[in-house]
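Novice:
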Amino acid sequence: MPATALSGLPARPAARTRPGPLGAVCGPLALALAGLLVGGEHMYRNLELTAVAQVATHLLGLRTLLLPSPSAPVLYAGGPDHFERGIALTTGCSSALLIAPFALVLGLLLLFGHRRPGRLLLALALAGTLIAGTNLGRLTLIVAMQHRYGSAGFEWTHVLFGSLLMMVAALAALLLCLAVVARGSAPAEDVAP
């Protein structure tokens, strides 16, 4: 009769553990970040356009004027003699609402998951940086193309290229996040000290 018993120790049942000290601190911070990105997205949009104004001024040599407004901040850019059209950064054009879900999910994993907190924090940092950096480049490109080609430049870079670019960036951020989290797939309590 062939042996069917498996050698080794019997499998222990998965025990519910509390998050480690890093997860207990960073989990609520990541959840708070998600809340701030959603609740303070207007302030975040002002910061995004401030960064775009700096890039447009220092790298593109454009003169800029940023006008905060209750509905959407507006950035005007132009040559040395006059300003041309401005771009208004609405909620749908900001990266705040693309980063917030990453902060929410990874914050919950930090509090209730069994993954290594360092990996989760790295995944959040990489995803957030990729999305925010891509949107900064997209907005700068929109300003540059609108300055150079007027309404047609704005339409092409905002509606077509910019939308596609942000979809690709969000997908890349998700895949990068999953790869970083999956690479550190050993549960935190199984790691030797």
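To convert, note that position 61 of the sequence shown is 1030 in the working numbering; the numbers rise steadily by one, no gaps. We treat Cβ as the ideally placed atom computed from N, Cα and C, and that holds for glycine.
In angstroms with no decimal places, state the Cα-to-Cα distance between residue 1023 and residue 1109.
Specialist: For residue 1023 and residue 1109, the distance between alpha carbons rounds to 10 Å.
Novice: Which full runs of the alpha helix (DSSP H) of 4+ residues lie inside the segment 1075 to 1153, going along the chain?
Specialist: 1086 to 1118, 1120 to 1124, 1132 to 1152, all fully within the segment 1075 to 1153.
Novice: Residues in its own chain within less than 6 Å of residue 1015 by CB, not counting five upstream and five downstream?
Specialist: Cβ neighbours of residue 1015 beyond the five flanking positions: 1037, 1042.
Novice: For residue 1093, I'd like the list of residues in its chain whose CB is within less than 7 Å of its CB, leaving aside the five on either flank, ordered along the chain.
Specialist: Here the set comprises 999, 1071, 1072, 1075.
Novice: With a threshold of 6 Å on Cβ separation, who are the neighbours of residue 1113 within its own chain once the five nearest residues in sequence on each side are excluded?
Specialist: Cβ within range, chain order: 1029.
Novice: To the nearest angstrom, report how far apart residue 1147 and residue 1078 are at their CA atoms.
Specialist: One C-alpha to the other measures close to 12 Å.
Novice: Verify the CB distance criterion: does residue 1039 have a CB-CB separation below 7 Å to chain D?
Specialist: Protein chains in the displayed structure number just one, and chain D is not present.
Novice: Could you please give the first and the last residue of the uninterrupted alpha helix (DSSP H) stretch that includes residue 996?
Specialist: Unbroken alpha helix (DSSP H) run through residue 996: 990 to 1008.
Novice: Nearest-angstrom Cα distance between residue 1151 and residue 1123?
Specialist: Distance between the alpha carbons of residue 1151 and residue 1123 is about 39 Å.
Novice: Classify residue 1099 as buried or exposed, calling it buried when 16 or more other Cβ atoms lie within 10 Å of its own Cβ.
Specialist: Buried, since its Cβ has 16 or more Cβ neighbours within 10 Å.
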